[in-house]
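The block underneath contains the structure these notes are about, expressed in structure tokens.
Chains as they are written, first to last, in this note's numbering: chain A, 650 to 950; chain B, 3 to 336.
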């Protein structure tokens with residue numbers, strides 16, 4: 650759609666240059682990341698949620714489906730910090746367990762998208778011609794759909810479940826990484842060190858994995874962290890529409906839609922799951938922005 | 003420019019064919035027997051056979067696809083499995099409702115977002131700059147359906163200022179002419195009804211506008227900051243022009259191109275967000291139409307809805323692409 654204003658993609662220093670001890674691009678990036686206060690806040694938010702997710706069974710051993718029917722829809726108190734839902738389940742407990750789902754879906758779907766997208770992007774960029782044509786057109790077509798709509802279509806085919814929502818989100822993200830890697834490969838292919846590698850008779854696979862891939866890593870990592878944020882939002886949206894996690898799974902989007910009808914009398918049932926989504930996504934956005942500024946200095950404001 | 007426009011239109015053809023293939027595939031890709039998935043395990047063999055026939059599933063796929071496309075070109079979207087009505091007739095009021103909501107939301111997002119971005123760049127590091135960037139950062143991280151629910155809770159349940167659901171006062175329904183109720187009420191000369199429609203529009207359009215607004219504000223700010231440092235801006239200021247005119251006349255025009263790209267991309271998110279917003283506010287748009295269809299496994303409706311929204315998205319992006327040239331004569335098309 651937007652091919653008309655393609656910016657030239659200059660090579661970005663990649664982590665394979667770490668071996669130089671003084672002022673390697675990796676250290677330089679780390680230093681600039683540490684100076685970025687917002688990025689540090691983002692990192693702390695992510696760490697907090699990861700720790701809470703890991704420790705959930707220790708903090709709340711009774712589990713996310715522990716129902717106290719006498720305590721239905723109780724407002725926040727010292728016993729239930731975030732109140733209870735319509736089954737008398739502690740909302741804080743469900744949010745802690747929900748963090749496991751959201752982080753898991755965000756991470757796995759993005760890693761899946763990176764693997765598939767990188768593979769297709771390399772194929773398209775390195776081999777060019779017909780292969781490139783076919784793969785690029787498929788990407789164009791997928792990107793022609795608003796992403797949540799394509800995800801809905803995929804879940805409509807596979808049936809609603811958390812796993813299928815994950816597959817849908819991963820699929821929808823593939824073209825983003827595919828295009829990124831393709832453009833990287835295209836610009837790297839003509840670099841002298843690749844031509845040299847080919848001249849000494851290096852095989853394609855080796856060139857791809859030892860030279861082209863490491864040099865494309867920085868933008869993939871940046872795009873990856875930012876994609877986790879949108880993946881978490883999309884998973885929550887699918888859950889909210891009833892197309893993702895199914896009850897009693899404590900998925901945050903699903904919690905929101907299940908509590909909607911109680912918003913008048915028990916607004917806390919809706920307030921806290923939404924804040925949890927927003928805070929996690931904010932963390933990944935800040936972290937991703939920081940990574941971009943650190944790894945790609947040209948993007949700095 | 004004309005040659006470029008024509009080339010862009012031709013380039014759309016494979017994309018549209020691909021889109022139609024994906025949407026066509028939705029029903030065929032259901033694992034197992036699609037008819038069984040739609041009707042459920044208790045369906046009789048006759049009913050299954052009948053449905054397969056009605057959906058054309060008993061013919062080879064290329065025949066199915068061919069008739070799918072010829073029907074589409076004739077404007078025939080098929081029949082809803084739930085209501086047994088022609089989708090073509092059912093879908094238009096929904097589409098109009100969504101367009102009305104999305105256009106208003108986009109308008110709010112662009113007008114507020116661009117001005118917020120300009121203000122932030124102009125008064126860099128001021129309180130306004132910091133505040134608007136914090137809002138923008140938080141805004142992009144919030145789920146649109148949660149914003150909608152919160153807006154509903156505060157402004158209609160707690161404060162009682164605005165209606166929480168629906169598109170009109172159900173006791174005083176609008177006579178549909180164009181199905182754009184803003185226009186219809188004005189055509190009918192019903193100013194009271196017009197205000198009622200506006201009151202219903204405010205919450206959903208604000209909820210829908212928040213995220214694009216935040217992203218547009220951020221983009222405008224960074225783009226403006228770059229432009230404001232350029233030589234011709236200094237020249238404009240040096241010859242004594244007021245800062246207001248420098249910003250809005252000279253700088254904005256050049257800063258607007260990246261913003262335009264973002265607006266195009268945001269339209270897709272906005273159309274997607276419309277599906278979520280509509281389910282919250284009981285807005286009878288295409289999102290609610292698709293959502294209901296999913297609950298009833300009404301696949302022809304799901305297909306038509308998705309195809310139509312995707313089609314609109316493609317057309318908007320085409321228009322944005324063509325607008326680049328209008329805004330920036332420096333862009334040369336090969």
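Beta carbons are placed, not taken as given, at the ideal position from N, Cα and C, and that holds for glycine.
Predicted, not measured: the structure shown is a model, and the values here were computed from it.
Give a yes or no on whether 8 angstroms exceeds the smallest Cβ distance from residue i to chain B.
{"i": "residue 657 of chain A", "result": "In this prediction, residue 657 of chain A scores a pLDDT of 49, lower than 50, which makes its location untrustworthy; the coordinate-derived value is nonetheless stated afterwards. Taking Cβ atoms only, chain B never reaches closer than 8 angstroms to residue 657 of chain A, which makes this a no."}
{"i": "residue 916 of chain A", "result": "yes"}
{"i": "residue 794 of chain A", "result": "yes"}
{"i": "residue 816 of chain A", "result": "no"}
{"i": "residue 798 of chain A", "result": "yes"}
{"i": "residue 734 of chain A", "result": "no"}
{"i": "residue 653 of chain A", "result": "Note that residue 653 of chain A scores a pLDDT of 45, beneath 50, so its modelled location is shaky and nothing firm can be said."}
{"i": "residue 667 of chain A", "result": "The predicted position of residue 667 of chain A is uncertain, since its pLDDT is 48 and thus under 50; no value can be drawn from it."}
{"i": "residue 789 of chain A", "result": "yes"}
{"i": "residue 869 of chain A", "result": "no"}
{"i": "residue 831 of chain A", "result": "no"}
{"i": "residue 950 of chain A", "result": "At residue 950 of chain A, the pLDDT of 40 sits below 50, so the modelled position is not reliable and the matter cannot be decided from this model."}
{"i": "residue 806 of chain A", "result": "yes"}
{"i": "residue 952 of chain A", "result": "The displayed coordinates of chain A run from 650 to 950. Any statement about residue 952 of chain A would go beyond what the structure contains."}
{"i": "residue 905 of chain A", "result": "yes"}
{"i": "residue 743 of chain A", "result": "no"}
{"i": "residue 786 of chain A", "result": "yes"}
CA-CA distance, residue i and residue j?
{"i": "residue 722 of chain A", "j": "residue 737 of chain A", "result": "6 angstroms"}
{"i": "residue 16 of chain B", "j": "residue 26 of chain B", "result": "15 angstroms"}
{"i": "residue 135 of chain B", "j": "residue 254 of chain B", "result": "19 angstroms"}
{"i": "residue 815 of chain A", "j": "residue 5 of chain B", "result": "43 angstroms"}
{"i": "residue 286 of chain B", "j": "residue 760 of chain A", "result": "37 angstroms"}
{"i": "residue 715 of chain A", "j": "residue 282 of chain B", "result": "28 angstroms"}
{"i": "residue 762 of chain A", "j": "residue 751 of chain A", "result": "16 angstroms"}
{"i": "residue 595 of chain A", "j": "residue 310 of chain B", "result": "The shown model of chain A, from 650 to 950, leaves out residue 595 of chain A, and the question about it has no answer."}
{"i": "residue 149 of chain B", "j": "residue 39 of chain B", "result": "34 angstroms"}
{"i": "residue 165 of chain B", "j": "residue 155 of chain B", "result": "11 angstroms"}
{"i": "residue 91 of chain B", "j": "residue 182 of chain B", "result": "15 angstroms"}
{"i": "residue 336 of chain B", "j": "residue 324 of chain B", "result": "Residue placement at residue 336 of chain B is poorly supported in this model, since its pLDDT is 44, which falls under 50; the coordinates are not used for a value here."}
{"i": "residue 850 of chain A", "j": "residue 835 of chain A", "result": "20 angstroms"}
{"i": "residue 935 of chain A", "j": "residue 203 of chain B", "result": "33 angstroms"}
{"i": "residue 68 of chain B", "j": "residue 22 of chain B", "result": "11 angstroms"}
{"i": "residue 960 of chain A", "j": "residue 258 of chain B", "result": "Absent from the structure is residue 960 of chain A, since the part of chain A shown begins at 650 and ends at 950."}
{"i": "residue 932 of chain A", "j": "residue 843 of chain A", "result": "38 angstroms"}
Measuring only between beta-carbons, confirm whether residue i sits less than 8 angstroms from chain A.
{"i": "residue 157 of chain B", "result": "no"}
{"i": "residue 21 of chain B", "result": "yes"}
{"i": "residue 62 of chain B", "result": "no"}
{"i": "residue 70 of chain B", "result": "no"}
{"i": "residue 80 of chain B", "result": "no"}
{"i": "residue 315 of chain B", "result": "yes"}
{"i": "residue 312 of chain B", "result": "yes"}
{"i": "residue 296 of chain B", "result": "yes"}
Give every residue of the same chain whose Cβ lies closer than 8 angstroms to the Cβ of residue i, excluding the five residues on either side of it in the sequence, and list them in chain order.
{"i": "residue 917 of chain A", "result": "724, 725, 731, 732, 740"}
{"i": "residue 234 of chain B", "result": "252"}
{"i": "residue 81 of chain B", "result": "56, 87, 88, 89, 302"}
{"i": "residue 691 of chain A", "result": "931, 932, 933, 934, 935, 936, 937, 938, 939"}
Leaving out the 5 sequence neighbours to the left and right, which residues in its chain are closer than 7 angstroms to residue i when beta-carbon positions are compared?
{"i": "residue 7 of chain B", "result": "324"}
{"i": "residue 699 of chain A", "result": "752"}
{"i": "residue 277 of chain B", "result": "289, 292, 293"}
Please go through the same chain and pick out, in chain order, the residues whose beta-carbon is closer than 6 angstroms to the beta-carbon of residue i, but skip the five residues on each side of it.
{"i": "residue 930 of chain A", "result": "878, 881, 882"}
{"i": "residue 58 of chain B", "result": "66"}
{"i": "residue 29 of chain B", "result": "36, 301"}
{"i": "residue 121 of chain B", "result": "130"}
Please find out if some non-hydrogen atom of the ligand COA comes closer than 7 angstroms to the beta-carbon of residue i.
{"i": "residue 712 of chain A", "result": "The ligand COA is not among the ligands present in this structure, which contains no ligands whatsoever."}
- [ ] Return the residues of the region 876–896 of chain A that lie within a Cβ-Cβ distance of less than 8 angstroms from chain B, sorted by chain order.
- [x] 878, 882, 885, 886, 889, 890, 891, 892
- [ ] Using a Cβ-Cβ cut-off of less than 9 angstroms, give me the residues of the region 129–153 of chain B that come near chain A, in sequence order.
- [x] 139, 140, 142, 143, 144, 145, 146, 147, 148, 149, 151, 152
TODO: Report yes or no: do the region 897–905 of chain A and the region 294–305 of chain B share at least 3 C-beta pairs separated by less than 8 angstroms?
DONE: no
Task: Residues from the region 908–933 of chain A in contact with chain B, defined by Cβ distance under 7 angstroms - done: 909, 912, 913, 916, 919, 923, 926, 927, 930, 931
Open item on the list: With three or more C-beta pairs closer than 8 angstroms as the rule, is the region 305–321 of chain B touching the region 39–46 of chain B?
Closed with: no
Task: Interfacial residues, the region 683–716 of chain A to chain B, with Cβ spacing under 7 angstroms - done: none
- [ ] Take every Cβ of the region 898–913 of chain A, pair it with every Cβ of the region 778–796 of chain A, and state whether three or more of those distances are shorter than 8 angstroms.
- [x] no
- [ ] Return the residues of the region 246–271 of chain B that lie within a Cβ-Cβ distance of less than 9 angstroms from chain A, sorted by chain order.
- [x] 259, 260, 263, 266, 267, 269, 270, 271
- [ ] Could you please tell me which residues of the region 280–293 of chain B, in chain order, have their CB closer than 9 angstroms to any CB of chain A?
- [x] 281, 282, 292, 293
TODO: Give, in chain order, every residue of the region 170–204 of chain B whose Cβ lies closer than 9 angstroms to some Cβ of chain A.
DONE: none
TODO: Give a yes or no on contact between the region 801–819 of chain A and the region 854–873 of chain A, applying the rule of three or more CB pairs nearer than 8 angstroms.
DONE: no
TODO: Below 9 angstroms between beta carbons is the criterion; list the residues of the region 31–63 of chain B that meet it against any residue of chain A, in chain order.
DONE: 31, 32, 33, 39
TODO: May I ask you to verify whether the region 265–280 of chain B touches the region 771–778 of chain A, counting CB pairs closer than 8 angstroms and requiring at least 3?
DONE: no
TODO: With 7 angstroms as the limit, tell me which residues of the region 834–850 of chain A have their beta carbon closer than that to any beta carbon of chain B; keep them in chain order.
DONE: none
TODO: Mind checking the region 4–21 of chain B against chain A and listing, in chain order, the residues whose C-beta falls within less than 7 angstroms of any C-beta there?
DONE: 16, 17, 20, 21
Open item on the list: I'd like to know if the region 211–219 of chain B and the region 101–110 of chain B are in contact, where contact means that at least 3 CB-CB pairs between them fall below 8 angstroms.
Closed with: yes
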